[in-house]
Amino acid sequence: MVRPLADKGVGTPASFVAKTFNLSSVSGAEILDISALGLYVAFINGKRVGNDVLTPGWTAYDARLSYQTYNVGSLLVAGE
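Everything in the sequence shown is counted per the numbering used here, starting at 199 for the first residue and increasing by one.
Below, the structure written as structure tokens:
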């Protein structure tokens, strides 16, 4: 889970997560399940995942949290 250290208010940058990993092979059927307590935009290898906006959408976060599933096989390459 990623959390900002403190909410510094409007005009401050949002949290940013980056991860490098190695893939021995890519089948083309890889999926990404993603959600956030707020909004997100995901990128893999510099390319945007999906074309949704304002995801995951508002819910009563204390009761339920929506997530999205994307096929990201075409965005991945074997290696790092």
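Ideal Cβ placement from N, Cα and C applies to all residues, glycine included.
Expected contact under 8 Å - CB spacing of residue i and residue j to nearest Å
i      : j      : result
Val251 : Tyr268 : Their Cβ separation, rounded to whole angstroms, is 14 Å, which puts Val251 and Tyr268 out of contact at 8 Å.
Candidates the options, of which the one nearest residue i by Cα
i      : options                           : result
Leu235 : Leu263, Val270, Lys206 and Val215 : Leu263
Ser279 : Ala212, Gly209, Glu278 and Thr253 : Any answer about residue 279 is impossible in this case: the structure gives the chain only from 199 up to 278.
Ser213 : Tyr238, Ala261, Ser225 and Val224 : Tyr238
Close-in-space but distant-in-sequence residues of the same chain around residue i (CB under 8 Å, 5 per side omitted)
i      : result
Val270 : Glu228, Ile229, Leu230, Ile242 and Val247
Gln266 : Asp231, Ile232, Ser233, Gly248, Asp250, Thr253 and Pro254
Thr257 : Leu263 and Ser264
Val224 : Gly271, Leu274, Val275 and Ala276
Beta-bridge pairing of residue i - partner residues as DSSP gives them
i      : result
Phe241 : Arg246
Proximal residues to residue i (C-beta, below 7 Å), its chain only, five neighbours per side dropped
i      : result
Glu278 : Thr218 and Asn220
Proximal residues to residue i (C-beta, below 6 Å), its chain only, five neighbours per side dropped
i      : result
Lys206 : none
Sufficient close CB pairs (3 or more, under 8 Å) joining the segment 267 to 277 to the segment 240 to 247: yes
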